[in-house]
Each structure stands twice: as C-alpha cells, then as structure tokens.
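2 protein chains.
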Amino acid sequence: MPTRKLEKVVSLKDIRVACRECSLIEICLPVGIGQSDLDRLDSIIDRKRPLPRGDHLFRIGDPFQCLYAVRSGSLKTYATSEDGQEQVMGFHLPGELIGLDAIAEGDHPLAAKALETTSICEIPFHDLESLGTQLPSLQHQLLRIMSKEIRDDEHNMVILGQKSAEERLASFLISLSNRFIRRGFSAHQFNLSMSRSDIGNYLGLALETVSRLFTRFQNEGLLRVDRKHIELIDRERLCVFSGARCSHGTPKQHSQHSQHRPSKDQ
Amino acid sequence: MPTRKLEKVVSLKDIRVACRECSLIEICLPVGIGQSDLDRLDSIIDRKRPLPRGDHLFRIGDPFQCLYAVRSGSLKTYATSEDGQEQVMGFHLPGELIGLDAIAEGDHPLAAKALETTSICEIPFHDLESLGTQLPSLQHQLLRIMSKEIRDDEHNMVILGQKSAEERLASFLISLSNRFIRRGFSAHQFNLSMSRSDIGNYLGLALETVSRLFTRFQNEGLLRVDRKHIELIDRERLCVFSGARCSHGTPKQHSQHSQHRPSKDQ
DNA sequence: CGATGACTTGACTGCTGTCAACGTGCGTGG
DNA sequence: CCACGCACGTTGACAGCAGTCAAGTCATCG
Chain D
1 MPTRKLEKVV SLKDIRVACR ECSLIEICLP VGIGQSDLDR LDSIIDRKRP
51 LPRGDHLFRI GDPFQCLYAV RSGSLKTYAT SEDGQEQVMG FHLPGELIGL
101 DAIAEGDHPL AAKALETTSI CEIPFHDLES LGTQLPSLQH QLLRIMSKEI
151 RDDEHNMVIL GQKSAEERLA SFLISLSNRF IRRGFSAHQF NLSMSRSDIG
201 NYLGLALETV SRLFTRFQNE GLLRVDRKHI ELIDRERLCV FSGARCSHGT
251 PKQHSQHSQH RPSKDQ
Chain G
1001 MPTRKLEKVV SLKDIRVACR ECSLIEICLP VGIGQSDLDR LDSIIDRKRP
1051 LPRGDHLFRI GDPFQCLYAV RSGSLKTYAT SEDGQEQVMG FHLPGELIGL
1101 DAIAEGDHPL AAKALETTSI CEIPFHDLES LGTQLPSLQH QLLRIMSKEI
1151 RDDEHNMVIL GQKSAEERLA SFLISLSNRF IRRGFSAHQF NLSMSRSDIG
1201 NYLGLALETV SRLFTRFQNE GLLRVDRKHI ELIDRERLCV FSGARCSHGT
1251 PKQHSQHSQH RPSKDQ
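Those protein sequences? They're chains D and G, same order as listed.
Numbering-wise, the working numbering puts 106 at position 106 of the first sequence, and it's gapless, one number per residue.
Quick note: to get the working numbering, add 1000 to the position in the second sequence (first position is 1).
The structure is reproduced here in structure tokens:
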C-alpha cells in the first residue's frame, strides 16, 4: 500500500514533520508528554508517502505490526462477511489512531481503505510498547485512547440499537461536525469524503434512505447538500433531531419517535 | 448462570481466593504472568462481599477509581438517556473486566447493576497502572484486554446495524453459549440472568419481539425455553440463523434476509 | 389468595428496505 | 468537442419486519 505511484514530486523530506511540529499533537498520542520524550516517540514513528484514494492501508487478516495515525485525509475501516458483504465500522479523520482492535489477536480484524489522498504515521507497536514501559505518561495516554475508543463504540451501539433513521443521520452529521471543530475546521461546512452508500452501511441504513433524509433535512431548512458538500444551516435543530448528545459529548434533548425505541422498562 | 441462589452463609473468608487459586485465572487479567508477579497483582486486589441482585456496582458519573472483575454471578451495564430511558450496553460474566470505558474521562459513562448475587474483585486502577510499569507483561495483557473489548464492540455494531431480529437473538444466544463454554459450563443449557426486556433493550428489539422469537425458535425445534432456562437443541442450526460467526469467533455461514441488509456495494 | 411483575400472544400500523427508473457529473476515447 | 460509459445519487412505488397497543397468562411472594 505505501508505495503505489510516486506521483508528482512529493519529496519524503517534506512529509517528515516531527510530532512536535504536527498540528495534530493535541489530538494524537503525545498529549501530556514532555519535549524530550516526544522526540523519543517521534523517533519510532515512520511517515510513509501519501496513500491514494481507494488504496488499502491494511486488509483483513494482515498481521498486526503497527498502529496508524491519520495525518491528513480520511479512511474507512470495514469488515466483510462470508458472502463478501462489506460492513463499514468507522471513518477516521486526522489525529485519530487506527488498528487498536488488532492488538489482542495479532491480526487486523478490519480493513482500512483511504477515502481520499491520505497520509499516515506508522507506529510500530512493539517499539511503542517498549517506550511505554519507560514513559508511564505515554502508557497512560495509550490506555486513555483505547478507553475512549470503547466509549465511542458504546455510543455507536446506542445509535444503531435505538435510534430511528433520521436520528442516526443527524447524530452522524453532528458527530462529524464536532470532530471537525476539534481539528480547527468549520463546524458548519464540510465535505464528505465517503459515499452515501458508505454512510448508509455505517449507520445500518439503506443508501436510498440516506439520500431521502438528506433531501428531507434540506427541505426542512436544516442543511444544504450539494453532492459531497454539506452546509449545516440549523445545527441546533439538527441536534434536536439527533435526539442526543450535541456538542462534544454532552447529553441533550429527548425524542418521541414511534419505532426503534423499545426500551422503556426497569 | 453458575449460582442462582447462593445466599446461605457466604463468609468473607471463603471469598478471599487469591488470583492464583481463582478458576478464572485463564480469563481474567493474569494470563502470562509469573507466580511472584501474580502475588503482587493479587496484593492490590480487593474482594468485597457479594453484591445482591439489583444493587449497583457503580452508577453513571461515579468517579473512576477501580476496574472490576466479575468472580461469580453477572451484571448488566447500561446508560440512561435524558428522559430516563435505559440502554443496556452489555452483560458481564465471571472473568470479565468492567469499567474500561471509564479510564479516559475519569468517570463511569455507564452504570453496572447486579443481575443476581454477584461477587467482584476490585482493582484500584492507579495501583494497577503502577504495577504495569514494573511488569511489562501485565501492561501488555491490559492492552490486549482493551483491544479485545474494542473488537467485541465492533462485532456488536455489526449485529445491531445489519442484522434482523431473528439473527440478533440467535447471535446473542450463540455468543452467550460460547462464553459459557469458555467458563467450563454447558454450551447447550444455561439460565438467563437477565429479563426479556433487558435482552430486547440490548439487542435493539422490543421485548415482545424477543418473546415471540423465543417462541418461534422453540416451535422450530432450535431450542427449549422455560422462563429463564434455555436449552439449545440444535446449536448448529441456530448458528445458521445467526447468520455469522458461530464457535468462539470464527466467521460462518451466509444470510439472505430481506430487510436489514443495506450494504451491497463497493 | 390477591397483588405485582414478568412474560406471552394477537391485532394493527408504519418506518424503512427493496426494486426500479431516472438524473448527474466525470473521465475516456474517438 | 461530443458521445459514451460508469459510478454515484435521487426519487417513486410497494411491501414486510418489527414496533406499539392491549389483553391475557403465569410465577412468585407477602
């Protein structure tokens, strides 16, 4: 995957940005690590040439060697069922770590594919773990990131298990918006790098439903859609529609849809 | 579940089983840890008196101090939405660790409630982390467990996002069965410690649907149900119905239901 | 033995999936 | 430059799975 077609003259030197200079330093691993320790972390990280759209970072069953941090661009991770059906498990933006689910068994349970031209930091896990034994704060940070991943997954379970199609898409858009905010992008305007089909698959909806909902949201003045470009016009109301946590993770609002709300007991 | 009505005179002394003597040692943290190291781990673990059914181990928002290992009995973890709606996130059997999702933020995002009389090992996280810096294999084991948790959550996302009601319940039963096997219990016969409502909530189904499916499965000769007692008669066929991974986590079988299978692309 | 809660069963409804046709944008090749 | 193909997206018609509502049964317990 790393090597594919050199394209242009992207000299490796240009890509070699140290952790300390990376704008994602607040999001990625290094939080709370001192300067000299940061350099040690930096030294084990490998930065490959950008991955063109559609290329795999790794495939299902690939042996686990590294964790990957997204530096720019985006990827989707997905599993495939026996019959070749694809199940999108997540979309990954700059600053996010991929491959945490592979530590346990030694191979990747999911595949990761670039949704656009994407550059990656490769972190050899063995080295990271060794370094972790020497740097408790790094170790702690790693545990925190994994814990956060678990928490996020739990949040996704709620969305998939209990929410209506409308709430799912609204939640998805708000969540994306929040993630963009964190990266210094506009909260109200962004481009989707994934297809309607990917979104639907991820949210457990048919792609037609996603398309219809985009149209409905637009008609209701919640947002404007033009192909991949999304403009959130009434973010507040979209939060209401999402029936849940709005800004960065605080709960909000209730919901009263008919279906998909089985719980009511105990 | 192993114990159903333990009650009697469970003196605290009886419960004080060292890690090394615990029958769950293969499942819980200590895998791959040497004898003397095991004693050190043992020394930081606190074993409380059993939790009666319905009691909380912790509640949402409780400050995070400890991880908890189930020693006997079972619990459910759940979140509550603003309007008091409960969302069951998981059921936890002996040997499983609870609270991993609390490391990141310092408080518990979920509540944990005993489904029956349940005993617990309390592991102060701070101590565990310190010990981890001294015992790389312990540290590694902790990472593996968290990674597995992430992997399991991903599996749940597939079930919730893509599967029909029938497949969900079948998956749930097979998964339970597998977990019982791992603990040395019968794969074909067990007692559910949770209510139909809990199951439905967990699977994103109405409790009526769960009830109907139990009936249908029974009519089709897949299993026998009597209140909480389940006997899997045709485990193989139930696997087929689950449309996925059957034994311990290996993929299997296909599915061809009509609804709930939006993905089909790319 | 009645109260309570858990579970079952039936009737009905509707959200959302499936199927299908049609637009739209983009790249390729003539 | 245009025709063409192709992938992606939109929209409509229809149907079915599973939710809601409601009534009834069963078990446990005081």
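Glycine residues also receive a C-beta, built at the ideal position from the N, C-alpha and C atoms.
Since this is a predicted model, take the numbers as computed values, not measurements.
When L1142/G, T1117/G, G1054/G, S1119/G are compared, the shortest CA-CA separation from E129/D is found for L1142/G. Put simply, of G1161/G, S1195/G, D1153/G the residue whose alpha carbon is nearest the alpha carbon of S1175/G is D1153/G. For the segment 78 to 102 of chain D, residues whose beta-carbon sits nearer than 8 angstroms to a beta-carbon of chain G comprise A79, S81, E82, D83, Q85, E86, Q87, V88, M89, L100, D101, A102. H1126/G: member of the alpha helix (DSSP H) spanning 1125 to 1134, first to last residue. Within chain D, no residue has its beta carbon less than 7 angstroms from that of D1055/G; the closest one is some 14 angstroms off.
Only residues of its own chain outside the window of five on either side were considered, and among them H229, I230, E231, L232 have a CB closer than 8 angstroms to the CB of Q189/D, listed in chain order.
The way I'd put it, the segment 1111 to 1120 of chain G doesn't touch the segment 146 to 164 of chain D; fewer than three beta-carbon pairs between them come closer than 8 angstroms. Under the three-state reduction of DSSP, I230/D is assigned to strand.
Within the segment 1144 to 1230 of chain G, the complete beta strand (DSSP E) runs of at least 3 residues fall at 1189 to 1191, 1223 to 1226. As computed with DSSP, K1076/G is found in a beta bridge with F1091/G, K1113/G. Scanning its chain for C-beta atoms nearer than 7 angstroms, with the 5 sequence neighbours on each side dropped, one finds around S1074/G the residues M1001, F1091, H1092, L1093, L1115, E1116, T1118, S1193, in chain order. Residue-level contact check: S74/D does not touch chain G, since none of the beta carbons of chain G fall below 8 angstroms from its beta carbon. Counted as a single uninterrupted DSSP element, the beta strand (DSSP E) harbouring F1058/G occupies residues 1056 to 1058. Scanning its chain for C-beta atoms nearer than 8 angstroms, with the 5 sequence neighbours on each side dropped, one finds around Q1087/G the residues Y1078, A1079, T1080, S1081, N1201, in chain order.
Look at V31/D here: in three-state DSSP terms it is coil, with no helix or strand label. Of the candidates L1169/G, L1029/G, V1070/G, L1029/G places its Cα closest to the Cα of A104/D. Counting only the Cα atoms, E1021/G lies some 11 angstroms from L1038/G.
N191/D has a beta carbon lying at 8 angstroms or more from every beta carbon in chain G. By the C-beta density criterion, G1204/G is buried, having at least 16 other C-beta atoms within 10 angstroms. Look at V158/D: its C-beta is under 8 angstroms from a C-beta on chain G.
With at least 16 other beta carbons inside 10 angstroms of its own, D101/D counts as buried.
Taken atom to atom, the span from the alpha-carbon of G34/D to that of R40/D is near 10 angstroms. Exclusion of the five residues before and after I1123/G leaves I1045, C1066, L1067 as the residues of its chain whose Cβ lies within less than 6 angstroms of its Cβ. Counting only residues of its own chain and dropping the five nearest sequence neighbours on each side, V225/D has a CB closer than 6 angstroms to the CB of F214, Q218. Cβ-Cβ distances below 7 angstroms link G132/D to L138, Q139, L142 in the same chain, with the five nearest sequence neighbours on each side left out; the list follows chain order. Close CB contacts of I1027/G within its chain, under the 8 angstroms cut and outside five residues either way in sequence, are with P1094, G1095, E1096, R1182, R1183 (chain order).
By the C-beta density criterion, S147/D is buried, having at least 16 other C-beta atoms within 10 angstroms.
Under DSSP, C121/D shares a beta bridge with R47/D, A69/D.
Just so you know, the alpha carbons of A69/D and P63/D end up roughly 17 angstroms apart. Listed along chain D, the residues sitting closer than 9 angstroms to I1150/G by beta-carbon distance are L100, D101, I103, A104, M146, E149, I150, D153. In terms of Cα proximity to F125/D, the closest of A187/D, L160/D, D107/D, K113/D is D107/D.
For S242/D, the enclosing alpha helix (DSSP H) covers residues 235 to 242. Of all alpha-carbon atoms in L1135/G, R1227/G, R1235/G, V1210/G, the one lying nearest the alpha-carbon of S1177/G is that of R1235/G. Interface annotation, G1161/G: in contact with chain D, CB-CB separation under 8 angstroms. A straight-line Cα-Cα distance of about 13 angstroms links G1243/G and N1156/G.
Pairing S197/D with L169/D, the inter-Cα distance amounts to about 13 angstroms.
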